[in-house]
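Heads up, the thing below is written out as C-alpha coordinates.
Numbering (the numbering used here), first residue to last: 763 to 932.
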(Lines of atoms letter the chains of each structure in order from A; the text may use other names.)
(Lines give C-alpha, C1' and ligand atoms only; values in the text may rest on other atoms or scores of the structure.)
Protein backbone atom coordinates (compact mmCIF):
# COMPACT_ATOMS: atom_id res chain seq x y z
CA UNK A 763 0.00 0.00 0.00
CA UNK A 764 0.98 3.62 -0.49
CA UNK A 765 0.98 6.58 1.90
CA UNK A 766 0.75 10.31 1.14
CA UNK A 767 0.38 13.50 3.16
CA UNK A 768 -0.24 17.09 2.05
CA UNK A 769 -0.26 20.13 4.31
CA UNK A 770 -0.34 23.84 3.52
CA UNK A 771 -0.93 26.99 5.58
CA UNK A 772 -2.17 30.47 4.84
CA UNK A 773 -5.26 31.46 2.86
CA UNK A 774 -5.36 28.07 1.11
CA UNK A 775 -4.65 25.90 4.15
CA UNK A 776 -5.35 22.19 3.90
CA UNK A 777 -4.29 18.90 5.39
CA UNK A 778 -4.66 15.38 4.03
CA UNK A 779 -3.18 12.09 5.16
CA UNK A 780 -3.91 8.77 3.53
CA UNK A 781 -2.56 5.27 3.90
CA UNK A 782 -3.94 3.09 1.12
CA UNK A 783 -6.41 5.50 -0.50
CA UNK A 784 -9.79 7.03 0.19
CA UNK A 785 -13.45 6.07 0.57
CA UNK A 786 -14.90 5.34 -2.90
CA UNK A 787 -17.45 8.20 -2.48
CA UNK A 788 -14.73 10.77 -1.68
CA UNK A 789 -12.95 12.78 -4.38
CA UNK A 790 -9.45 13.85 -3.31
CA UNK A 791 -8.23 17.19 -4.69
CA UNK A 792 -6.40 17.36 -8.01
CA UNK A 793 -2.74 16.55 -7.73
CA UNK A 794 -3.13 14.18 -4.77
CA UNK A 795 -1.59 10.86 -5.84
CA UNK A 796 -3.76 7.81 -6.50
CA UNK A 797 -2.86 5.29 -3.80
CA UNK A 798 -3.03 1.51 -3.78
CA UNK A 799 -4.77 -0.22 -0.88
CA UNK A 800 -2.67 -1.74 1.87
CA UNK A 801 -2.57 -5.47 1.11
CA UNK A 802 -1.62 -8.60 3.01
CA UNK A 803 -1.88 -12.19 1.87
CA UNK A 804 -1.73 -15.39 3.88
CA UNK A 805 -1.78 -18.24 1.42
CA UNK A 806 -0.59 -21.80 1.52
CA UNK A 807 2.01 -22.83 -1.04
CA UNK A 808 0.15 -23.13 -4.33
CA UNK A 809 -2.43 -20.55 -3.21
CA UNK A 810 -5.01 -22.98 -1.77
CA UNK A 811 -6.48 -21.97 0.61
CA UNK A 812 -5.96 -18.24 0.09
CA UNK A 813 -6.67 -15.42 2.56
CA UNK A 814 -6.23 -11.80 1.47
CA UNK A 815 -6.73 -8.50 3.28
CA UNK A 816 -6.96 -4.94 1.91
CA UNK A 817 -7.48 -1.68 3.75
CA UNK A 818 -7.08 2.09 3.93
CA UNK A 819 -7.39 5.00 6.34
CA UNK A 820 -7.54 8.70 5.47
CA UNK A 821 -7.91 11.94 7.43
CA UNK A 822 -8.80 15.41 6.13
CA UNK A 823 -9.86 18.48 8.18
CA UNK A 824 -13.53 17.55 7.71
CA UNK A 825 -13.49 13.76 7.22
CA UNK A 826 -12.30 10.48 8.65
CA UNK A 827 -12.32 7.53 6.27
CA UNK A 828 -11.59 3.87 6.87
CA UNK A 829 -12.19 0.68 4.95
CA UNK A 830 -11.14 -2.94 4.96
CA UNK A 831 -11.85 -6.13 3.12
CA UNK A 832 -11.03 -9.80 3.51
CA UNK A 833 -11.31 -12.65 1.04
CA UNK A 834 -11.06 -16.37 1.77
CA UNK A 835 -11.06 -18.98 -0.98
CA UNK A 836 -10.34 -22.68 -0.78
CA UNK A 837 -10.88 -25.76 -2.89
CA UNK A 838 -10.88 -29.14 -1.21
CA UNK A 839 -11.58 -31.99 -3.63
CA UNK A 840 -15.09 -31.46 -5.03
CA UNK A 841 -15.84 -28.74 -2.43
CA UNK A 842 -15.27 -24.99 -2.84
CA UNK A 843 -15.49 -22.47 -0.01
CA UNK A 844 -15.53 -18.75 -0.81
CA UNK A 845 -16.06 -15.84 1.56
CA UNK A 846 -15.77 -12.06 1.33
CA UNK A 847 -16.29 -9.37 3.94
CA UNK A 848 -15.75 -5.62 3.48
CA UNK A 849 -16.79 -2.18 4.64
CA UNK A 850 -16.10 1.45 3.69
CA UNK A 851 -16.90 4.16 6.26
CA UNK A 852 -16.87 7.92 5.62
CA UNK A 853 -17.48 10.35 8.51
CA UNK A 854 -17.95 14.06 7.73
CA UNK A 855 -17.68 16.36 10.74
CA UNK A 856 -19.37 19.61 9.72
CA UNK A 857 -22.25 19.14 9.17
CA UNK A 858 -21.97 15.75 10.89
CA UNK A 859 -22.96 12.81 8.72
CA UNK A 860 -21.72 9.35 7.93
CA UNK A 861 -22.12 6.63 5.34
CA UNK A 862 -21.01 3.02 5.78
CA UNK A 863 -21.15 0.63 2.84
CA UNK A 864 -20.88 -3.05 3.76
CA UNK A 865 -20.69 -6.34 1.89
CA UNK A 866 -20.58 -9.98 2.95
CA UNK A 867 -20.68 -13.15 0.90
CA UNK A 868 -20.17 -16.81 1.70
CA UNK A 869 -20.69 -19.83 -0.48
CA UNK A 870 -20.06 -23.50 0.07
CA UNK A 871 -20.44 -25.69 -3.01
CA UNK A 872 -19.92 -29.34 -3.76
CA UNK A 873 -19.64 -30.10 -7.48
CA UNK A 874 -21.06 -26.65 -8.23
CA UNK A 875 -24.20 -27.00 -6.08
CA UNK A 876 -24.63 -25.73 -2.54
CA UNK A 877 -25.44 -22.81 -0.32
CA UNK A 878 -24.73 -19.11 -0.82
CA UNK A 879 -25.49 -16.00 1.21
CA UNK A 880 -24.81 -12.44 0.06
CA UNK A 881 -25.48 -9.17 1.89
CA UNK A 882 -24.87 -5.79 0.27
CA UNK A 883 -25.96 -2.57 1.95
CA UNK A 884 -25.48 1.00 3.07
CA UNK A 885 -26.14 2.75 6.39
CA UNK A 886 -26.38 6.57 6.38
CA UNK A 887 -27.13 9.04 9.11
CA UNK A 888 -27.99 10.84 11.20
CA UNK A 889 -31.41 12.45 11.20
CA UNK A 890 -32.87 10.28 9.87
CA UNK A 891 -30.87 7.07 9.76
CA UNK A 892 -31.28 5.14 6.52
CA UNK A 893 -30.55 1.49 5.79
CA UNK A 894 -30.66 0.24 2.24
CA UNK A 895 -29.53 -3.13 0.97
CA UNK A 896 -30.30 -6.60 -0.22
CA UNK A 897 -29.87 -10.11 1.09
CA UNK A 898 -29.65 -12.96 -1.39
CA UNK A 899 -29.88 -16.61 -0.43
CA UNK A 900 -29.15 -19.47 -2.82
CA UNK A 901 -29.87 -23.05 -1.77
CA UNK A 902 -29.42 -25.68 -4.46
CA UNK A 903 -31.88 -24.58 -7.20
CA UNK A 904 -33.76 -21.98 -5.14
CA UNK A 905 -32.74 -18.31 -5.11
CA UNK A 906 -34.38 -15.65 -2.92
CA UNK A 907 -33.54 -11.93 -2.72
CA UNK A 908 -34.95 -9.61 -0.05
CA UNK A 909 -34.53 -5.85 -0.42
CA UNK A 910 -34.51 -3.45 2.54
CA UNK A 911 -35.04 0.31 2.41
CA UNK A 912 -35.83 1.75 5.84
CA UNK A 913 -35.65 5.12 7.61
CA UNK A 914 -35.74 5.65 11.34
CA UNK A 915 -35.18 8.53 13.74
CA UNK A 916 -36.38 12.10 13.39
CA UNK A 917 -35.37 14.35 10.54
CA UNK A 918 -34.49 18.01 10.86
CA UNK A 919 -32.58 19.81 13.56
CA UNK A 920 -29.03 21.07 13.36
CA UNK A 921 -26.25 18.53 13.01
CA UNK A 922 -23.44 21.08 12.95
CA UNK A 923 -20.63 20.74 15.42
CA UNK A 924 -18.91 23.87 16.70
CA UNK A 925 -15.84 24.70 14.64
CA UNK A 926 -12.54 24.20 16.43
CA UNK A 927 -9.95 26.95 16.42
CA UNK A 928 -6.89 24.70 16.43
CA UNK A 929 -4.24 27.44 16.05
CA UNK A 930 -5.50 29.29 19.12
CA UNK A 931 -5.55 26.03 21.08
CA UNK A 932 -1.91 25.40 20.14
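Quick reminder that beta carbons are idealized off the backbone N, C-alpha and C, glycines included.
- Residue 829 sits close to residue 818, with the two beta carbons spaced by under 8 Å.
- Straight-line spacing of the CA atoms in residue 844 and residue 825 works out to 34 Å.
- Under DSSP, residue 817 takes part in a beta bridge, and its partners are 800, 830.
- DSSP lists no bridge partner for residue 764.
- Using a Cβ distance threshold of 8 Å, residue 801 and residue 822 do not count as a contacting pair.
- With contacts defined as CB atoms closer than 8 Å, residue 900 and residue 877 qualify as a contacting pair.
- Between residue 851 and residue 860, the CB-CB gap stays under 8 Å.
- For residue 913, the CB contacts under 6 Å within the same chain, skipping 5 residues up- and downstream, are 890, 892 in chain order.
- According to DSSP, residue 897 shares a beta bridge with 881, 908.
- Here residue 882 has 865, 895, 896 as same chain residues with Cβ atoms under 6 Å from its own Cβ, once five neighbours each way along the sequence are excluded.
- For the options 867, 888, 842, 880, the alpha carbon positioned closest to that of residue 853 is the one of 888.
- If only uninterrupted alpha helix (DSSP H) runs of at least 4 residues are considered, none is enclosed by the segment 836-868.
- If you ignore the 5 residues before and after residue 835, its C-beta comes within less than 6 Å of the C-beta of 812, 844, all in its own chain and listed in chain order.
- DSSP, read as helix, strand or coil, puts residue 805 in strand.
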